[in-house]
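**Q** Numbers given in the working numbering equal positions in the sequence shown, counted from 1, plus 6.
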Amino acid sequence: MTKTVPAYQRIKNAILDNIHSGKWQAGNAISTEMALAEEFGVSRMTVNRALKELSEERVLERRQGSGTFVAQQQFNHTFVEVRNIAQDLKSANRDYRAEVVSKRAITADMLDDELRRDFGIDKVDGGLGKDGSSEASVLYEVKIIHFADGQPIQFEERWVDANKVPAFIEQDFSVVNTSDYLIAKSPLERGSYTIRALAAPDEIANFLQVLPQSPTLVLCRQTYSAGQVVTFVKMWHAGDRYQFSGDL
7 MTKTVPAYQR
17 IKNAILDNIH
27 SGKWQAGNAI
37 STEMALAEEF
47 GVSRMTVNRA
57 LKELSEERVL
67 ERRQGSGTFV
77 AQQQFNHTFV
87 EVRNIAQDLK
97 SANRDYRAEV
107 VSKRAITADM
117 LDDELRRDFG
127 IDKVDGGLGK
137 DGSSEASVLY
147 EVKIIHFADG
157 QPIQFEERWV
167 DANKVPAFIE
177 QDFSVVNTSD
187 YLIAKSPLER
197 GSYTIRALAA
207 PDEIANFLQV
217 LPQSPTLVLC
227 RQTYSAGQVV
237 TFVKMWHAGD
247 RYQFSGDL
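#1: When burial is assigned at 16 or more other CB atoms within 10 Å of the CB, is Met40 buried or exposed?
#2: Does Leu145 pass the burial test, meaning 16 or more other C-beta atoms within 10 Å, or should it be called exposed?
#3: Taking the straight line between their C-alpha atoms, what separation do you get for Arg64 and Val216?
#4: Using 8 angstroms as the threshold, is the C-beta distance between Leu121 and Phe161 below it?
#5: Which ranges does the alpha helix (DSSP H) cover as unbroken runs of at least 4 residues, wholly within the segment 33 to 59, from first to last along the chain?
#6: Please tell me whether Phe75 has its Cβ less than 8 angstroms away from any Cβ of chain C.
#7: When you compare only the Cα positions, how much space is there between Ser61 and Arg100?
#8: Spatial neighbours of Leu42 within its chain, please: C-beta separation below 7 angstroms, excluding the five flanking residues on both sides.
#9: Pull up the distance between the alpha-carbon of Asp94 and that of Phe179, whole angstroms please.
#10: Going by the CB atoms, is the gap between Ser185 and Val171 shorter than 8 angstroms?
#11: Based on the DSSP output, what are the partners of Met241 in its beta bridges?
#12: Using a Cβ-Cβ cut-off of 6 angstroms (strictly less than) and excluding sequence neighbours within five positions of Thr200, which residues of its own chain qualify?
#13: DSSP three-state label for Thr184, please.
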């Protein structure tokens, strides 16, 4: 049985769709509470809940006596520092290239529990398209090997919300850096990450040209825009070729 989406959540989804599509841009006033109530056939109290939650998520800004506006987000690289391996290697005077192993669109029935959890996709109806079809693409997946001086140094597995960045899958990621493209198309407001030491599974070992079960450093990161996850990435690094460092 398909689970009914609450009215306030439908309103939130519609507002986010308008923002991500560019219909409502930063600084633009959105429809009034009364107009939204009429459009969705709900009470103003229901609309108010949706707007209140989006304001708390810093997607919208409510101004007393003026209305509700798309928030002017102050995105920058110091708030969410997304390292670009291509720039790092070129800055170190090392020869860099990227090789795309695969890229594809993923439908709801192809998602594992980790991806459902990271993107907040409900097992019952979260992957349905607007026409009710379960065949709608919900995520894009790319796998890329990054080389330094001809030696594989990082294997990238990335998943991107297909609705928020629809042209992502069309890019040539042997030329375009994934992080740079996402920042340009869907500016990042916050993120979270973990770094773990893991033994390399056979597939990863093959891509990194190391022995199976060799030590690797794995950076997992998810980043948000307009209150929702835009991308989740796993970056595998050969343990004897890579280290993370910074200044305190």
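Cβ coordinates follow ideal geometry from the N, Cα and C atoms, glycine included.
**A** Quick look at the numbers:
#1: exposed
#2: buried
#3: 44 angstroms
#4: no
#5: Along the length of the segment 33 to 59, whole alpha helix (DSSP H) runs at least 4 residues long occupy 39 to 46, reported in chain order.
#6: Among the chains in the structure shown there is no chain C, since it carries only a single protein chain.
#7: 45 angstroms
#8: Close CB contacts of Leu42 within its chain, under the 7 angstroms cut and outside five residues either way in sequence, are with Ile17 and Val53 (chain order).
#9: So the two alpha carbons sit approximately 17 angstroms from each other.
#10: no
#11: DSSP, once it has assigned bridges, lists Glu162 and Leu225 as partnering Met241.
#12: Result list for Thr200: Cys226, in chain order.
#13: It is helical.
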